[in-house]
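In the numbering used here, the protein residues as written are 62 to 361. All C-beta atoms in this analysis are idealised placements derived from N, C-alpha and C, irrespective of residue type, glycine included.
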């Protein structure tokens, strides 16, 4: 299959590209910086400049995967940063949809990233793809992002990938926490009772490959492990992995003062489950947080 990937040089994009190439797929990365992309992705991936996206690049593609978007976890959410988070997602998605609409033979499927932040802060409520949108900046951002992707539905199947926290070595949440926890030990953000919807990097890559092939699957899909964990459980598991202690809880008010509104990424409770993947028979390699840490222990 010929698969186009936008946002291919990020933590998740690189892993998905590597996985698809390993499966023998013809991967085309649509990038803004050809030099940087060539260094990060190697010679097995074809590169196309983002500037020429609307010149028939997506014609006859088997799948388009869109990961474009600035990192949610980098810097305080000032008004300027919020505009950047929005524009870096909505504008590329709109341009991809416009390029798809111009195709004589459109791609078979658009897999567009979103996040479980769509559901907002929901306490202990179990959240499936049928659950309603939540409140807050992230929920609104995800809803607008998904709405932009849905404009491609007249032309192809659209999958809105509601990603949980992706855990893997070399990037994401684990890369941010590991240097601190491995040296000093862990602390628990907030009460520790808030739910963390997570998924291993391995399973994200496998699930995306699975979704490309499942022609009857469309709409929202939660890309999360079957067993979400509380933040306390996660931090204890991370500390145990590094043989370090868990020291204390950090009150939400302290996190708010330090991080501003971005602190909600640590304190909001989102208990999402992968109903669509499970109903479709997808087999997780790392369904439990203990299985994930056992995996990285053996692969380190």
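Problem set entry | residue 112 burial status per 10 Å Cβ neighbour count (16 or more: buried) | exposed
* Between residue 288 and residue 349, which are expected to be in contact by the criterion C-beta below 8 Å, what is the C-beta distance as a whole number of angstroms? -> The beta carbons of residue 288 and residue 349 sit about 5 Å from each other, so the pair counts as a contact at 8 Å.
Among 185, 193, 244, which has the Cα closest to the Cα of residue 305?
For the options 185, 193, 244, the alpha carbon positioned closest to that of residue 305 is the one of 244.
| Can at least three beta-carbon pairs, one atom from the stretch 148 to 166 and one from the stretch 202 to 211, be found at a separation below 8 Å? | Counting Cβ pairs under 8 Å, three or more are found: they touch.
When you compare only the Cα positions, how much space is there between residue 263 and residue 229? 8 Å
Own chain, CB closer than 6 Å to residue 126, minus 5 neighbours either side, in chain order: 66, 172
Exercise. Taking all protein chains shown into account, decide if residue 283 is buried (16 or more other Cβ within 10 angstroms of its Cβ) or exposed.
Key: buried
For the putative contact between residue 191 and residue 323, defined by C-beta atoms under 8 Å, what is the C-beta separation to the nearest angstrom?
-> Rounded, the Cβ-Cβ distance is 29 Å, inconsistent with contact.
TODO: With distances taken Cα to Cα, identify the nearest neighbour of residue 97 among 68, 86, 80, 77.
DONE: Per the Cα distances, 68.
Proximity of residue 217 and residue 273 at Cβ, strictly below 8 Å | Residue 217 is not a Cβ neighbour of residue 273, given a cutoff of 8 Å.
With 16 other Cβ atoms within 10 Å as the buried cut-off, status of residue 286
buried
Report task. Label residue 358 either buried or exposed according to how many other C-beta atoms from any shown protein chain fall within 10 Å of its C-beta, with 16 as the threshold for buried. Result -> exposed
Measure the CB-CB distance between residue 260 and residue 77 and report whether it falls below 8 Å. no
* Using 8 Å as the Cβ pair cut-off and three pairs as the minimum, do the stretch 135 to 149 and the stretch 195 to 203 touch? -> Because the criterion of three Cβ pairs below 8 Å is met, the stretch 135 to 149 and the stretch 195 to 203 touch.
Locate the alpha helix (DSSP H) running through residue 119, then write down its first and last residues. For residue 119, no alpha helix (DSSP H) encloses it, and the DSSP letter there is neither H nor E.
By the three-class DSSP mapping on this structure, what secondary structure does residue 304 have?
coil
_From the DSSP secondary-structure annotation, give me the bridge partner or partners of residue 222._
Answer by DSSP bridge pairing, in chain order: 174, 282.
Is it buried or exposed for residue 247, if we count other Cβ within 10 angstroms and need 16 for buried? buried
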